[in-house]
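Chemist: Quick one: this structure, given as structure tokens, is what I'll be asking you about.
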Amino acid sequence: MLADEHRVDVAFGRGSVSITADPELAEWEVIRPAFEAALPDPERRFRQAIDEPVACRPLREIVSPRDRVVIVTSDGTRPVPNRQLIPWILESLPVPESRVTVLLGNGTHRANTDDEIAAMFGSDVARRLAIRNHDAYDGSGNVFLGASACGTDVWLDRAYVEADKRILLGFIEPHFFAGFSGGPKGVAPGVAGIETIYRLHRSDLIADPNCTWGVLDGNPLQREVREAVALCPPDFLVNVTLNGEKAISGFYAGDYLEAHRRGCAGARAASMAPVEKPFQVAVTSNSGFPLDQNLYQAVKGMSAAARIVEDGGAVLVASECSDGVPDHGYFAELMRTGAGPEDVLQAVHRREPVPDQWQAQTLAAILERVEVGVYSRMDRADIEACKLAAVDDLNAALREKIRAVAGGARVAVLPDGPLTIPYLAET
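Sequential numbering from 0 applies to the sequence shown in numbering that gives the first Met the number 0.
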């Protein structure tokens with residue numbers, strides 16, 4: 000239900016931007032995840048989860064006092080509640096902190112700065128604990144483990160491979176080509192070498208129709224990730240689901256495949272929403288900070304909305320993009336290729352793999368179907384260079400798109416961006 004004033008707050012950075020959903024202008028549908036209350040005593044629930052894990056022994060029985068432990072967690076673009084989880088895990092381990100390393104699963108993303116690490120973990124934990132960035136491009140820092148069952152050469156971070164025990168943290172939500180985040184994806188691509196990341200993100204795999212939101216079984220990318228991680232699996236998984244306020248709503252701990260599977264079922268029920276028919280216009284976010292730090296990540300919000308917009312329609316995304324396009328990786332270079340999205344797709348398929356080509360491929364495929372406008376803090380020229388429309392006034396742009404639809408428009412609003420994944424009920 001819309002409020003009396005018809006105002007809908009759309010996530011933007013650490014706050015929100017408001018749109019006016021005037022019922023005299025269009026037919027509106029606001030699509031949000033199912034509300035899940037935050038766990039009232041998350042620390043108690045955490046301890047219960049690691050003491051009664053899914054399909055494996057309790058954590059306290061897995062780690063021995065002389066073990067060297069690596070804890071893998073996401074980088075600063077993901078809202079994993081590390082400030083809570085890391086201290087709780089440290090208290091649960093029978094090893095001194097000097098034998099624990101936290102490894103940031105950056106994939107191909109840039110290294111997290113000292114300030115960002117302090118913000119992620121708290122200054123006290125960041126000061127006393129060994130926290131290091133994974134570097135996919137560091138040949139000496141990654142170990143070759145052999146070829147997986149599907150033929151992928153598997154390189155993983157040396158610190159991860161050489162640890163006596165490996166603990167994997169993560170956050171489960173629908174993912175636009177892996178089906179769901181979390182689980183084995185935290186290892187590959189999280190702490191994989193660049194050769195492995197390229198293989199797991201090759202263009203023919205990304206183009207597979209089963210590499211999409213909410214598909215776990217039958218998703219060829221998930222299958223290849225699992226086969227790669229099987230060469231050096233984590234010993235214990237702690238994954239969480241979060242509600243719309245990014246508070247912990249569920250714990251899934253234990254075997255890295257079975258616990259993740261249970262978490263995916265919970266995430267599907269909370270965050271995937273059927274709609275009856277396509278819309279002409281959609282407004283979305285990228286779920287606010289930290290996911291909306293750059294245009295590269297904002298493709299997720301665009302993708303979530305575009306799947307329910309008819310061909311020739313429009314998607315407007317509110318994403319702060321405080322980190323710009325960004326200026327590292329190849330996403331910007333690829334999106335600037337040629338005159339239209341078809342040129343981008345040709346470049347992706349023809350050239351040797353480069354970082355971020357999968358995101359450019361996904362965005363170009365969206366732009367072949369719909370127009371995308373971006374409301375952000377970025378320079379107009381940088382947005383337009385990526386074949387996107389720059390939006391200065393979100394409400395004005397929305398009214399313009401609605402009035403361009405003959406016979407009246409149906410408008411979808413996804414205030415929380417890819418925290419809600421809509422899908423056509425008949426598909």
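Glycine included, C-beta positions come from ideal geometry on N, C-alpha and C.
For residue 78 and residue 170, I'd like the C-alpha separation in whole angstroms.
Modeler: Their Cα atoms are separated by approximately 7 Å.
Chemist: In this structure, what does DSSP give as the bridge partners for residue 271?
Modeler: Looking at the DSSP assignment, residue 271 forms a beta bridge with 420.
Chemist: Taking DSSP as the reference, what is the three-state secondary structure of residue 245?
Modeler: Note: residue 245 maps to coil in three-state DSSP.
Chemist: Identify, in the order they occur along the chain, each residue of the same chain with its Cβ nearer than 6 Å to the Cβ of residue 166, setting aside the five sequence neighbours on each side.
Modeler: Taken in chain order, the residues that qualify are 70, 235.
Chemist: Just reading off the beta strand (DSSP E) that residue 279 is part of, what are its end residues?
Modeler: That run of the beta strand (DSSP E) goes 278–284.
Chemist: Buried or exposed for residue 227, going by 16 or more other Cβ atoms inside 10 Å?
Modeler: Label assigned to residue 227: buried.
Chemist: Counting pairs of Cβ atoms below 8 Å between the segment 248–265 and the segment 278–293, do you hit three or more?
Modeler: The segment 248–265, when compared against the segment 278–293, does not touch it at the 8 Å Cβ threshold.
Chemist: Note down, in chain order, each residue of its chain lying with its Cβ closer than 7 Å to the Cβ of residue 15, except the 5 sequence neighbours on either side.
Modeler: So the qualifying residues of the chain are 8, 9.
Chemist: What would DSSP say about residue 232, mapped onto helix, strand or coil?
Modeler: Note: residue 232 maps to coil in three-state DSSP.
Chemist: What is the rounded straight-line gap between the Cα of residue 207 and the Cα of residue 329?
Modeler: Cα to Cα, the separation comes out at about 22 Å.
Chemist: Let me confirm a value: residue 375 is counted as buried when at least 16 other C-beta atoms fall within 10 Å, else exposed. Which label applies?
Modeler: By the neighbour-count rule (16 or more Cβ atoms within 10 Å), residue 375 is buried.
Chemist: So, are the CB atoms of residue 413 and residue 284 less than 8 Å apart?
Modeler: Yes.
Chemist: With respect to the beta strand (DSSP E) encompassing residue 164, which residues constitute its N-terminal and C-terminal limits?
Modeler: Taken as a continuous stretch (DSSP letters only), the beta strand (DSSP E) holding residue 164 covers 164–170.
Chemist: Leaving out the 5 sequence neighbours to the left and right, which residues in its chain are closer than 7 Å to residue 94 when beta-carbon positions are compared?
Modeler: The answer, listed in chain order, is 62, 64, 66, 68.
Chemist: Would you mind giving the Cβ-Cβ distance between residue 316 and residue 371, rounded to the nearest angstrom? I have them listed as a contact below 8 Å.
Modeler: Contact holds; Cβ gap of about 7 Å.
Chemist: Once you ignore the five residues that flank residue 17 on each side, which residues in its own chain have a CB closer than 6 Å to its CB?
Modeler: Closer than 6 Å at the Cβ level, and outside the excluded window around residue 17, lie 6, 8.
Chemist: Grab me the residues of residue 13's own chain with a C-beta within less than 6 Å of its C-beta, minus the 5 sequence neighbours each way, in chain order.
Modeler: Excluding sequence neighbours, residue 13 sits near 288.
Chemist: Can you tell me whether DSSP reads residue 112 as helix, strand or coil?
Modeler: DSSP places residue 112 in coil when its eight states are reduced to three.
Chemist: Given a cut-off of 8 Å on the beta-carbon distance, is the pair residue 249 and residue 239 in contact?
Modeler: Cβ atoms of residue 249 and residue 239: closer than 8 Å.
Chemist: State whether the segment 192–212 contacts the segment 127–146, with contact taken as three or more CB pairs (one from each stretch) at a distance under 8 Å.
Modeler: Touching, yes, given that three or more Cβ pairs across the two stretches are closer than 8 Å.
Chemist: Tell me which residues share the same chain as residue 199 and place their Cβ nearer than 8 Å to its Cβ, disregarding the 5 neighbours each side in the sequence.
Modeler: Excluding residues within five positions, the ones whose Cβ falls inside 8 Å are 151, 187, 188, 191, 220, 223, 224, 227.
Chemist: The beta strand (DSSP E) with residue 15 in it runs from where to where?
Modeler: Element bounds for residue 15: 14–19.
Chemist: May I ask you to report which of helix, strand or coil DSSP gives residue 394?
Modeler: Correct three-state label for residue 394: helix.
Chemist: What's the gap between the Cα of residue 244 and the Cα of residue 349?
Modeler: Their Cα atoms are separated by approximately 42 Å.
Chemist: Report the rounded CA-to-CA distance for residue 267 versus residue 113, giving the unit in angstroms.
Modeler: Near 35 Å, if we compare the C-alpha coordinates of residue 113 and residue 267.
Chemist: Need the endpoints of the alpha helix (DSSP H) that residue 130 sits in, please.
Modeler: Element bounds for residue 130: not the alpha helix (DSSP H) but the beta strand (DSSP E), 129–132.
Chemist: Can you say whether residue 97 is buried or exposed, counting buried as having 16 or more other CB atoms within 10 angstroms of its CB?
Modeler: Looking at its Cβ environment, which holds fewer than 16 other Cβ atoms inside 10 Å, residue 97 is exposed.
Chemist: Contact defined as beta carbons within less than 8 Å: I believe residue 343 pairs with residue 333. What is the distance between those atoms, to the nearest angstrom?
Modeler: Indeed, because the Cβ distance is near 6 Å, the residues count as touching under 8 Å.
Chemist: Leaving out five residues before and five after residue 111 in sequence, what residues of the same chain have Cβ atoms less than 8 Å from its Cβ?
Modeler: 74, 75, 103, 105, 119, 132.
Chemist: With a Cβ-Cβ cutoff of 8 Å, do residue 176 and residue 196 count as a contact?
Modeler: Going by C-beta atoms, residue 176 is not nearer than 8 Å to residue 196.
Chemist: Leaving out the 5 sequence neighbours to the left and right, which residues in its chain are closer than 7 Å to residue 201 when beta-carbon positions are compared?
Modeler: Answer for residue 201: 352, listed in chain order.
Chemist: Can you find the residues in the same chain that come closer than 7 Å, C-beta to C-beta, to residue 21, ignoring five residues on each side of it along the sequence?
Modeler: 5, listed in sequence order.
Chemist: Can you list, in chain order, the stretches of the alpha helix (DSSP H) that have 4 or more residues and sit fully within the segment 275–343?
Modeler: Whole alpha helix (DSSP H) segments, 4+ residues: 294–305, 330–334.
Chemist: In terms of residue numbering, what span does the beta strand (DSSP E) encompassing residue 73 cover?
Modeler: Per DSSP, residue 73 belongs to the beta strand (DSSP E) from 68–73.
Chemist: Given a cut-off of 8 Å, decide if residue 417 and residue 276 are closer than it, judged by their beta-carbon atoms.
Modeler: Not in contact: residue 276 and residue 417 (Cβ atoms no closer than 8 Å).
Chemist: Sorted by chain position, which residues of the same chain lie with C-beta nearer than 6 Å to residue 99's C-beta, five sequence neighbours on each side aside?
Modeler: Within the same chain, residue 99 has close Cβ partners 68.
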